[in-house]
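Chemist: Using full-length UniProt numbering, the final residue of the sequence shown is 306, and nothing's skipped along the way.
Beta carbons: idealized from backbone N, C-alpha and C, even for Gly.
Got a structure here, written out as structure tokens. Questions coming.
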Amino acid sequence: MNHHKLLDCLVVGAGPAGLTAGIILKRFFREVSIVDAGRSRASLIPLSHNYPGFPEGISGNDLLARLREQLDINGGSVVEGAVRRLERDHDGHFIAETDDARLYARTVLLATGVVDIEPELEGFEAIRDKGLIRYCPICDGAEFTNERIGIIAQGEHGVSECLFIKRFSANLTMISPDGDCQLDPVQRERLAREKVDLIEEQARRLYLDDDQVVHLEMATGEDHEFDVLYCALGTRVRSTLGKELGARHTPNGNLIVNKHMQTGIEGLYATGDMTNHLSQIAVATGQGAIAATAIHNRLLLADSNE
């Protein structure tokens with residue numbers, strides 16, 4: 001007979017989606033463990049003005065701290081660590097292995113998010129940490145209305161990003177840091193028609209001047225000035241745990257879920273950026289609430305049938 005503790009739900013990831021789900025599950029008096037491997041993508045947000053309820057804006061780190069505080073008030077906590085392996089036993093329960101523990105759970109909620117693909121460019125991280133490299137024009141494009149915007153991007157995705165940001169500013173430049181924007185003639189014509197400039201030279205470095213203007217220095221010595229940069233090179237989805245269990249996914253790696261946020265595997269749920277391409281905190285928290293309620297109802301039904 002096994003005597004290990006059996007969780008009602010293991011939540012993997014403590015971003016807005018995972019924390020929201022954890023709060024709601026604790027309020028359902030469920031046994032929950034949240035394991036988090038590190039930096040949430042939300043922590044990169046200097047100030048969000050489009051998350052409801054914060055008219056003066058809120059930083060990503062402040063929002064995460066508030067969610068953790070609310071989790072703590074409801075009796076939950078976050079365990080720092082990484083889930084290295086996830087499998088199922090003969091009873092249908094999930095077994096998760098971290099670096100120093102083995103956890104058993106009736107259900108699992110994956111909220112592991114995505115990682116932005118960033119260029120290998122000197123000064124990039126320093127500019128990013130100053131809040132002058134952004135990733136989500138849906139979230140904060142309005143803050144840079146009519147400013148000089150550079151978009152680090154390539155291919156069709158880059159074209160789409162430029163056309164979206166054009167709503168906020170006519171002063172746009174698409175930048176390929178390795179000198180190749182990977183555009184066909186039709187795409188080039190679209191950008192030319194919208195008066196989007198192109199920089200297709202090898203970039204050397206990024207730096208800030210005393211006025212907090214972003215400079216892009218090229219290998220030729222030429223210098224370009226911007227008020228803000230958007231990085232639009234795509235993302236890598238952290239969906240390995242789900243895929244290894246056989247969960248269905250898109251070619252890009254996003255896990256496919258139903259209206260209850262359940263994957264094709266019974267008892268395995270997924271929320272947040274890893275499930276779709278609309279990377280919004282409001283979407284992530286909403287999905288976390290949907291998943292938590294579905295998990296609770298699933299467990300109620302299972303218990304009533306025993």
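1. By Cβ distance, which residues of its chain are closer than 6 Å to Asp-223, with the 5 residues on each side in sequence left out?
2. Enumerate in chain order the residues of its own chain whose CB-to-CB distance from Cys-181 is below 7 Å, with the five nearest sequence positions on each side excluded.
3. Quick check on Pro-137: buried or exposed, where buried means 16 or more other Cβ atoms within 10 Å of its Cβ?
4. Tell me the DSSP secondary structure of Gly-253 in three-state form.
5. Which residues bound the beta strand (DSSP E) around Asp-8?
6. Mapping the DSSP letters down to three states, classify Cys-181 as helix, strand or coil.
7. Can you tell me whether Phe-29 is buried or exposed, with buried defined as 16 or more other CB within 10 angstroms of its CB?
8. What is the DSSP secondary structure of Gln-262, counted as helix, strand or coil?
9. If we count the other Cβ atoms within 10 Å of its Cβ and call it buried at 16 or more, is Leu-103 buried or exposed?
10. If we call anything under 8 Å between Cβ atoms a contact, is Ala-21 one with Gly-288?
11. Here's the rule: buried if 16 or more other CB atoms are within 10 angstroms of the residue's CB, otherwise exposed. What is residue 349?
12. Taking the DSSP output, what are the residues bridged to Glu-222?
13. Should Gly-24 go down as buried or exposed, given a rule of 16 or more other Cβ atoms within 10 Å for buried?
14. Would you mind reading off the limits of the beta strand (DSSP E) that contains Cys-139?
15. Identify whether Leu-19 lies in helix, strand or coil by the three-state DSSP scheme.
Modeler: Once the coordinates are examined:
1. On the sequence shown, position 223 is the one that residue 223 refers to. Answer for Asp-223: His-215, Glu-217, listed in chain order.
2. Position 181 of the sequence shown, counting from 1, holds the residue named residue 181. Within its own chain, the residues whose Cβ lies closer than 7 Å to the Cβ of Cys-181, once the five positions on either side in sequence are excluded, are Gln-154, Gly-158, Met-174, Leu-198, Glu-200, listed in chain order.
3. As a first step, residue 137 is located in the sequence shown; it is residue number 137 there, counting from the start. Buried, since its Cβ has 16 or more Cβ neighbours within 10 Å.
4. Stepping through the sequence shown from its first residue, residue 253 is reached at position 253. Gly-253 falls in the coil class under three-state DSSP.
5. Position 8 of the sequence shown, counted from the first residue, corresponds to residue 8. Segment 6 to 12, the beta strand (DSSP E) holding Asp-8.
6. Here the question's residue 181 lines up with position 181 in the sequence shown. Note: Cys-181 maps to coil in three-state DSSP.
7. The sequence position of residue 29 within the sequence shown is 29, counting from 1. Burial call: exposed.
8. Position 262 of the sequence shown holds residue 262. Strand, per DSSP.
9. Within the sequence shown, the letter at position 103 stands for residue 103. Sixteen is the threshold: when 16 or more other Cβ atoms of the shown chains lie within 10 Å of the Cβ of Leu-103, as they do, the residue is buried.
10. The residue labelled residue 21 in the question sits at position 21 within the sequence shown. The residue labelled residue 288 in the question sits at position 288 within the sequence shown. With respect to the 8 Å criterion, Ala-21 and Gly-288 are classified as neighbours on the basis of their beta carbons.
11. Because the chain is modelled from 1 through 306, residue 349 falls outside the range shown and cannot be assessed.
12. In the sequence shown, residue 222 corresponds to position 222, counting from 1. Paired residues: none, contrary to the question.
13. Counting from one through the sequence shown, the residue named residue 24 turns up at place 24. Just to set this straight, residue 24 is Ile in the shown sequence, not Gly. Residue burial is scored here from C-beta neighbours: Ile-24 has at least 16 other C-beta atoms within 10 angstroms and is therefore classed as buried.
14. Residue numbering aside, residue 139 sits at position 139 when the sequence shown is read from its first letter. First-last for Cys-139: 137 to 140, but that is the alpha helix (DSSP H), not the beta strand (DSSP E).
15. Residue 19 sits at position 19 when you count from the first residue of the sequence shown. In this structure, Leu-19 counts as helix in the three-state DSSP scheme.
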